[in-house]
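Here is the structure we will look at.
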Amino acid sequence: MPTRKRNTRSCGFAEDDLIAEALGENPQGIQQAVRSHLTVCPACAQRLEQYTQVRFQLGSLPASEAGLAAARRALNTQLAQLTRDTRPRLVLSLWHSPLGPLRIGTTDKGVALVAFVSPDDPESGAERLGEKFAQFSFEQAEGNEGHTALTRKLEAYLNGSRHALDWVIDDGLMRSDFQRQVLQAAREVPYGSLTTYLGLAERIGRPTAVRAVAQALRYNPLPIRIPCHRIVGTTGSLTGYAGNKIALKRDILAVEGIPTVPSRSGFAIAQDRLYVGRQAERTFCRPGCEASQGIRAGNRLFIASRTRAEEIGYAPCGVCRPDRGPFYMETEPGLF
Amino acid sequence: MAAPPEQPGNTARAFGAIVDLHQRSIYRYLVRCTGKDDDAQELFQETFLRAYRAYADLPADANHRAWLFRIATNLVKNYIRGQQRYRKVFVADTPLPAPGVQPTTPEQTFHSQETAHILLNALGALPFRQRTALIQRQLEGRAYREIAENLDCSEDSARAHVYQALKKLRADWQRVTTGEERRCHANPEA
Chain A
1 MPTRKRNTRS CGFAEDDLIA EALGENPQGI QQAVRSHLTV CPACAQRLEQ YTQVRFQLGS
61 LPASEAGLAA ARRALNTQLA QLTRDTRPRL VLSLWHSPLG PLRIGTTDKG VALVAFVSPD
121 DPESGAERLG EKFAQFSFEQ AEGNEGHTAL TRKLEAYLNG SRHALDWVID DGLMRSDFQR
181 QVLQAAREVP YGSLTTYLGL AERIGRPTAV RAVAQALRYN PLPIRIPCHR IVGTTGSLTG
241 YAGNKIALKR DILAVEGIPT VPSRSGFAIA QDRLYVGRQA ERTFCRPGCE ASQGIRAGNR
301 LFIASRTRAE EIGYAPCGVC RPDRGPFYME TEPGLF
Chain B
1001 MAAPPEQPGN TARAFGAIVD LHQRSIYRYL VRCTGKDDDA QELFQETFLR AYRAYADLPA
1061 DANHRAWLFR IATNLVKNYI RGQQRYRKVF VADTPLPAPG VQPTTPEQTF HSQETAHILL
1121 NALGALPFRQ RTALIQRQLE GRAYREIAEN LDCSEDSARA HVYQALKKLR ADWQRVTTGE
1181 ERRCHANPEA
């Protein structure tokens, strides 16, 4: 028994022992002493009775079930808000496009993600996505009208009837300001036109950062929407796409009417069938025209057809006169 | 390890189970510490919101009940402080009725609702440590060791808080149950 202050009553008995008795906390020896004292001291007996009553009444104090239920409901609301607010949502949908399964991810701000999914196992990417983008909470966009509208536009792009895929973009998944700069420059390459990695590096004023530019394009979170497929190697080789999906790049280029040919390293653009645009002069030449020989990569566009060149307001070159008739049967855009 | 995107869901679910398990004791504790349903509801939410924020960093072997009681007790401490400040500022001019002495008529005194009222008032007049120690011991059946941990004091102090509190409640109880008599002494003309 721990020592405690003995509050002694007039009869000489300790008040604390009475309390302990009322609480049932007395060890046996003291319990016996208390009980024998109570038989001779009515004042202490009365006091014990009061303690016992207070204890009993305390135990029967009400706590309303309705109050608890209300508190719990309010708590649930707040907890739900808390879990929801910690991370932004990424709404995902899977669309079986003519190019293969595509995952599209949107945030409140716009489309943040387009990912090519392995056709063999379309669900597998979802888990890896979770690890990669842990900053998001994921949600499946089943029957989401916004996503349906997005895929309808993409479908129109892939069948050649729509040239501008004007989805609103959320650039939140871009990795750096440098990447944003590169991707912004890529967006300025028009439909049905091409430039090279070097050309893009020169356009952003970083002519030696060719490899960095290529890496920035490789990790483009919004392929197709941001046309990194319109950037090829200096030799005309397709070099790579989203890693090594070169056939995919060829297919998307075909959508835009850009001819490709098999090459040693896979595929290359058919340079002998592409007009050459001079961005600064806003003119376009037939391939091999001496006027466009030796121009800087940053000033050069490969253009699929006269129609495309005229669409972007380029004038025919006065030397090779590409306006005097097609030099080959131009491919119409649209693969599917 | 669970994949990150699933984690918040898991956390929320696990935490929900903890709330389910302890909500009744915590709510009861807070109702008795504050004496008011709406204040108790507010502190209840705050207790579990704070708990939720700290939940991720809680060691796996933590005693959830002790942890929740500790958060609740801290909130009660602030609550009591706030009330005392309020009384000092706004009510200081009107003398407070002595603890437990309610403007009751003797006929009402033994009414059971009245009894609860008296006790709640008496509880409400107890200082923070005595109040929380008594409620934890008598109403939640917690051990002195747990109360000591909860209040950062020794077991002996925890026991002393409970006993002190009971002495005051008993005195109030006696005063009220024999109120008529005492009032006659206090106000001979009444």
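Going down the list, the sequences are from chains A and B. Per my numbering: the first sequence = residues 1 to 336. Per my numbering: the second sequence = residues 1001 to 1190. We put the beta carbon where it would ideally sit given N, CA and C, even for glycine.
Query                                                                                                                                                        : Result
Using three-state DSSP, classify A1056/B as helix, strand or coil.                                                                                           : coil
Would you say L1166/B lies against chain A (beta-carbon separation less than 8 Å)?                                                                           : yes
Measuring only between beta-carbons, confirm whether V1076/B sits less than 8 Å from chain A.                                                                : no
On the DSSP bridge assignment, give the partners of S1025/B in chain order.                                                                                  : DSSP output for S1025/B lists no bridge partner at all.
Contact defined as beta carbons within less than 8 Å: I believe Y275/A pairs with A309/A. What is the distance between those atoms, to the nearest angstrom? : 6 Å
Does any residue of chain B bring its CB to less than 8 Å from the CB of S93/A?                                                                              : no
From I104/A to I246/A, what distance separates their C-alpha atoms?                                                                                          : 21 Å
Residues in its own chain within less than 6 Å of Q53/A by CB, not counting five upstream and five downstream?                                               : none
Could you give the first and the last residue of the continuous alpha helix (DSSP H) run that contains G172/A?                                               : No alpha helix (DSSP H) holds G172/A; DSSP gives it neither H nor E.
Can you name the residues of chain A whose CB is closer than 9 Å to the CB of R1175/B?                                                                       : Here the premise fails: no neighbours, minimum Cβ distance about 11 Å.
Inspect the beta-carbon positions of D1037/B and S64/A and report whether they are closer than 8 Å.                                                          : yes
Measuring CB to CB, does A186/A end up less than 8 Å from I224/A?                                                                                            : no
In this structure, what does DSSP give as the bridge partners for S137/A?                                                                                    : R89/A
Relative to chain B, which residues along the stretch 13-44 of chain A have a C-beta separation below 9 Å, given in chain order?                             : E15, D16, I19, A20, A22, L23, E25
To the nearest angstrom, how far is the alpha carbon of A390/A from that of L48/A?                                                                           : Limits of chain A in this structure are 1 at one end and 336 at the other, which puts residue 390/A out of reach.
Establish whether the CB of F1128/B and some CB of chain A are separated by less than 8 Å.                                                                   : no
Considering only their Cβ atoms, is the gap separating Y1027/B from A1040/B smaller than 8 Å?                                                                : yes
Kindly indicate which three-state DSSP category A20/A falls into: helix, strand or coil?                                                                     : helix
Determine, for G105/A, whether the minimum Cβ-Cβ distance to residues of chain B falls below 8 Å.                                                            : no
For a minimum of 4 consecutive residues, which ranges assigned as the alpha helix (DSSP H) are wholly contained in the stretch 1101-1175 of chain B?         : 1106-1109, 1112-1125, 1128-1134, 1144-1151
If I follow the unbroken beta strand (DSSP E) through L301/A, where does it start and stop?                                                                  : 300-303
Can you give me the start and stop residues for the beta strand (DSSP E) that I224/A sits inside?                                                            : Element bounds for I224/A: n/a, residue is neither H nor E.
So, does the CB of P392/A fall closer than 8 Å to a CB anywhere in chain B?                                                                                  : Here chain A comprises residues numbered 1 to 336, so residue 392/A is not present and cannot be evaluated.
Under three-state DSSP, which class holds V319/A?                                                                                                            : coil
For a quick check, are the C-beta atoms of H1022/B and H1064/B less than 8 Å apart?                                                                          : yes
Quick one: is V40/A buried, meaning 16 or more other Cβ sit within 10 Å of its Cβ, or exposed?                                                               : exposed
Beta-carbon separation of E1149/B and A1066/B under 8 Å?                                                                                                     : yes
Does Y1055/B come within less than 8 Å of chain A when only Cβ atoms are used?                                                                               : no
Measure the beta-carbon distance from Q50/A to R87/A and round it to whole angstroms, keeping in mind my assumption that it falls under 8 Å.                 : That pair is no contact at about 58 Å.
On the DSSP bridge assignment, give the partners of L94/A in chain order.                                                                                    : R103/A
In the structure shown, what three-state DSSP assignment does V276/A receive?                                                                                : strand
So, does the stretch 1120-1140 of chain B touch the stretch 1072-1082 of chain B, judging by three or more C-beta pairs under 8 Å?                           : yes
Determine the burial state of S60/A: buried for a count of at least 16 other Cβ atoms within 10 Å of its Cβ, exposed for fewer.                              : exposed
Which residue marks the beginning of the beta strand (DSSP E) containing G146/A, and which one marks its end?                                                : No beta strand (DSSP E) holds G146/A; the alpha helix (DSSP H) holding it covers 145-158.
Taking the continuous alpha helix (DSSP H) assigned at P194/A, which residues delimit it?                                                                    : The residue asked about is misnamed: residue 194/A is Leu in this sequence, not Pro. Looking at the DSSP string, L194/A is not in any alpha helix (DSSP H); the run it does join, the beta strand (DSSP E), is 193-196.
Give me the residue from P119/A, A216/A, R128/A, G257/A with the minimum Cα distance to G243/A.                                                              : A216/A
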